[in-house]
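Below is one structure, written out as structure tokens, with a few remarks after it.
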Amino acid sequence: MLVSPQQSIFTVLLASFYLLADSMSFGEAMRADSVSHYRSSSNSETFTEDLLVKPLHDGKVLLHFEFRVQQPSAEASSSQHHYHLFPRQIGEIAKQNGVDELHLSFTQGGWRQDTWGSPPVNSQGVGAEIIARINGTEDGSSGSKWKGLTNALSGVFCASLNFIDEGNTAMPQLTFTTQNTKRDGVRAGQDNSAATNILRHGYLPRENVCTENLTPWIKQLPCQAKSGIGALLNPYRLFNMHFHSMGISLEPSIEGEIGSNRKTLNYKQYISVVLDPHTFNLDKSWTLSELMDRDLYGACQVSTKSTVRVIMPDSGLKVLPKPATTMRLAGDQVSVFDIQKQNISDIEFEFTKVAANVQTAATQQPTISAHRYVNGHGGSSGGVVTEIINRSSQPMDIIFLDTLPWYLRVYSHTLDIEATTADGQVKKLTPTKILFTPAIDRGRPSSIELSLSVPENTRTTLRYSFDKGFLKYTEHPPDANRGFNIGPAIITYQQSADRVDVKESLFCALQRPYSNNTKNCTVRIHTELFLASLPTPDFSMPYNVITFTCTVLALFFGRIFNLLTRDFAVLKEDND
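In the numbering used here, the protein residues as written are 2 to 577.
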């Protein structure tokens with residue numbers, strides 16, 4: 002039987018249609034099997050994703066993305082050595098270098114405490130920061146493990162973390178203590194009975210954060226940027242911001258009472274950005290998809306909780322659709338949207354009026370804030386001034402840490418601490434404990450760490466002086482006349498839930514459900530960076546010497562060559 006060309010084409014198209022339908026159904030089946038495999042194989046692991054949206058008083062919007070993976074400790078069962086939801090890169094790096102606890106952050110822009118209130122993260126210092134608790138000895142294996150850790154993280158996150166060496170690494174003893182280390186000294190999946198945890202802190206103030214750091218960060222998410230809240234991570238919007246902080250946190254915890262053996266490993270990834278909707282031509286009414294220029298494709302299929310929380314101002318904001326529930330967070334009313342149960346594809350924000358004024362913004366100021374600057378003049382010496390403001394009605398116990406590079410030689414005897422009250426009275430303060438580590442040239446930085454009780458409603462000023470060292474001309478950066486970026490000082494204090502005079506910080510409110518201690522929370526504040534101008538050599542002098550030398554050699558060579566190659570002859574004069 003003869004078949005016309007039109008019938009042949011129709012048959013081929015029909016067969017292709019059936020093949021496409023079969024492949025799609027097979028793909029759906031494979032995807033369902035994959036999801037069920039993840040849920041069955043990772044039934045001991047949990048993955049949660051959360052987005053916090055907070056309209057700020059100056060018209061900007063804070064977006065805080067947080068993704069968490071909880072995994073039982075590897076020593077509990079051999080099956081936990083397999084990686085399902087937990088990133089394998091981080092797990093292998095931590096195991097190989099004996100890491101008990103790890104915090105890595107990349108920050109760009111300054112957090113405006115007086116306008117935006119308390120931040121959702123503890124890392125607000127500009128640049129890259131690494132805090133690691135390593136199993137080893139101070140003079141032995143911990144140094145090599147620290148170097149291996151920084152080099153490995155540098156390769157994973159495409160950053161210059163390998164430039165963190167002993168010359169810019171400090172080992173504070175008071176600042177970064179956590180509740181986990183105070184309990185049983187639990188390690189990240191290993192026994193810690195016969196080892197010592199050495200805490201190391203490294204900082205790169207000139208490290209910039211960009212999309213090449215964001216890409217490997219997104220790849221560690223179980224659903225990456227294909228579904229869930231991670232689908233909103235648009236690099237073009239995340240880096241068109243006023244503040245950006247991205248990081249990871251790996252720390253063990255103990256469930257239950259002290260002495261319990263139920264140990265878990267918590268891995269957190271977070272991104273905090275402050276965006277201005279007017280930058281994207283968005284006025285009083287916009288949606289979450291319009292703000293990020295990405296669509297929300299439901300919840301991540303392997304997540305146990307997927308929520309979007311919106312901090313509602315007192316008035317002036319309407320949110321659609323209706324939230325699943327409401328709650329209180331750091332004293333504010335919060336609307337909670339459950340992406341899994343409500344099947345939400347977008348959230349609309351409608352601002353009916355400006356909900357901010359100066360008085361309202363003042364009530365959002367944090368309990369403790371700090372600023373730092375340099376004084377002095379000339380190229381041989383200078384000083385550092387740090388102002389700490391306590392807005393509480395009771396004294397606050399703080400820990401102050403400042404790490405300066407070795408070429409700024411600090412004099413500990415110049416330390417002076419004064420507290421100024423609201424009526425102008427000044428009184429001297431004495432710290433309860435001081436730990437001073439002098440610098441070693443090209444070996445280690447100098448650090449000042451002290452414990453201090455700051456009086457209520459005062460402005461406390463810390464001053465100390467330093468001399469500027471001389472660098473080799475090869476140690477100067479290409480833009481030597483610009484100066485050297487010096488990392489921030491860090492102020493740490495404990496925030497107790499029992500104190501009614503202290504407003505709970507946003508960071509503590511977010512971390513309290515995952516903390517072993519629900520009453521106390523450690524808050525860290527970073528001051529501003531400052532530029533240190535060092536004596537700079539005249540980099541043009543070598544070129545001047547080369548030019549002068551070449552000129553002299555050229556003249557000398559020309560004369561000698563002329564004398565050696567010219568044929569001299571005696572001219573006879575004619576008598577005629």
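Don't be surprised by glycine CBs; every beta carbon is placed ideally from N, CA and C.
Assignment of GLN125 by DSSP, reduced to helix, strand and coil, places it in the coil class.
Taking all protein chains shown into account, PRO223 has 16 or more neighbouring C-beta atoms within 10 Å of its C-beta and is therefore buried.
Taking the Cα positions, LYS504 is about 43 Å away from GLY470. Comparing C-alpha distances from MET313 to each of CYS301, THR305, SER307 and THR326 shows the shortest one belongs to THR326.
Excluding the 5 residues flanking it on each side, SER119 has same chain C-beta neighbours closer than 7 Å at PRO367, SER506, LEU507 and PHE508, in chain order. The C-beta of VAL546 has fewer than 16 other C-beta atoms within 10 Å across all chains shown, which makes the residue exposed. Per the C-alpha coordinates, the member of GLN114, ARG329, GLU50 and ASN235 positioned closest to ALA510 is ARG329. Where ARG89 is concerned, the enclosing alpha helix (DSSP H) starts and stops at 89 to 97.
Of all alpha-carbon atoms in SER497, ASP166 and MET293, the one lying nearest the alpha-carbon of ASN235 is that of MET293. The residue from THR421, LYS573, VAL386 and SER124 with its alpha-carbon nearest to that of THR415 is VAL386. Only buried fits ASP51, as 16 or more other CB atoms lie within 10 angstroms of its CB. Contact between the region 83 to 91 and the region 278 to 295 is absent: fewer than three C-beta pairs spanning the two stretches fall below 8 Å. A direct Cα-Cα distance of roughly 8 Å separates THR138 from ASN198. For MET328, the enclosing beta strand (DSSP E) stretches over residues 326 to 330. THR433 is classed as exposed because its beta carbon has fewer than 16 other beta carbons within 10 Å across all chains shown. MET313 carries a strand assignment under DSSP once its states are collapsed to helix, strand and coil. A direct Cα-Cα distance of roughly 9 Å separates PRO538 from LEU472. A residue is called buried when at least 16 other Cβ atoms come within 10 angstroms of its Cβ; ILE389 meets this threshold and is buried.
About 6 Å separates the CB atoms of PRO56 and LEU318; that is less than 8 Å, so the two are in contact. SER452 places its beta carbon 8 Å or farther from that of THR438. As the crow flies, the alpha-carbon of THR459 is around 10 Å from that of LYS428.
The residues GLY229, SER307, ILE340 and GLN341, in chain order, have a CB closer than 7 Å to that of ALA300 in the same chain once the five nearest residues on each side in sequence are set aside. In the three-state scheme derived from DSSP, where H, G and I count as helix and E and B as strand, CYS551 is classed as helix.
Counting of Cβ neighbours within 10 angstroms places PHE557 among the exposed residues, the total staying below 16.
Cβ neighbours of VAL335 within its own chain (closer than 6 Å, five residues either side excluded): ARG310, ILE312 and MET328. For MET247, the beta-bridge partners assigned by DSSP are PHE107 and ILE272.
Here LEU175 carries a coil assignment [DSSP, helix/strand/coil]. DSSP places GLN72 inside the beta strand (DSSP E), whose first and last residues are 62 to 73. DSSP, reduced to helix, strand and coil, places PHE240 outside both helices and strands of the structure shown, so it counts as coil.
Around the beta carbon of THR170, 16 or more other beta carbons lie within 10 angstroms, which makes this residue buried.
In the DSSP assignment, TRP117 falls outside any beta strand (DSSP E) and within the unbroken alpha helix (DSSP H) covering 114 to 117. When DSSP states are grouped into helix, strand and coil, CYS509 belongs to the helix group. HIS527 places its beta carbon less than 8 Å from that of ILE491.
GLU291 sits in a helix when the DSSP states are folded into three classes. The beta-bridge partner set that DSSP reports for ILE219 is empty. By the neighbour-count definition (other C-beta atoms within 10 Å, threshold 16), SER273 is a buried residue.
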